[in-house]
Amino acid sequence: MLYLVVEVECPRCGARGLVELPPVGAVIIGPCPECQDLVLIFMGKALALDNKIINQGTPAAKEKHIFQVLAEFLRERIAPLVEELPDFGSWPNKAPKKPAAVPNGSLPITNHDLEVFQREMNVLDLGNPDLFKAIFGPGQNNEPPDGSRA
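Convert by adding 518 to the 1-based position in the sequence shown; the result is the number in my numbering.
Laid out in structure tokens, this is it:
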């Protein structure tokens, strides 16, 4: 089975590692295996969370904080895009073109195919430091790759 992975970096301690690519749009919250601060993984990026709000806040406060973190992440990506957008008002108003044929006679991916793929994707236990180190390596704490200490 083919597993797709994405490299993520803790925004607090800089620990880097590979995580199985979750379904598009998935939001994963868990502790960094290195520094234990909470991070939110979204679209292949680890975003810092406020530990106090997530651990002790009301459900409304937690939701608001997560929305704020995601909004900032999206704002950073949308602002440059908006600056480069052409004036769509001047574009000709034409009917959309017919989609191109699928090459090589391949069938398009169906919703069923997507559901099977998502079921087969096992999300890693991000809170397990041993699993994290086995996949990502020892981290940035000057620990030798073989795990021995000098």
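Cβ atoms here follow ideal geometry from the backbone N, Cα and C, with glycine treated the same way.
Among ILE546, CYS550, VAL545, which one has its Cα closest to the Cα of CYS528?
CYS550
Which residues mark the beginning and the end of the alpha helix (DSSP H) in which PRO598 is found?
577-602
Please classify PRO647: does DSSP put it in a helix, a strand, or coil?
helix
Check ILE547 in the structure and name its three-state DSSP category.
strand
Please state whether the Cβ-Cβ distance between GLY562 and VAL524 is less than 8 Å.
yes
According to DSSP, is ILE627 helix, strand or coil?
coil
Return the residue from the list LEU522, HIS583, ASP555 that minimises the CA-CA distance to VAL542.
LEU522
Can you tell me whether GLU552 is buried or exposed, with buried defined as 16 or more other CB within 10 angstroms of its CB?
buried
Let me make sure I understand the geometry here. Which of GLY532, GLU590, GLU581 has the alpha-carbon closest to that of GLN554?
GLY532
Measure the Cβ-Cβ separation of LEU599 and HIS583 and say whether it is below 8 Å.
no
DSSP three-state assignment for LEU556, whether helix, strand or coil:
strand
When DSSP labels each residue in this structure, what does LEU522 get in the three-state scheme?
coil
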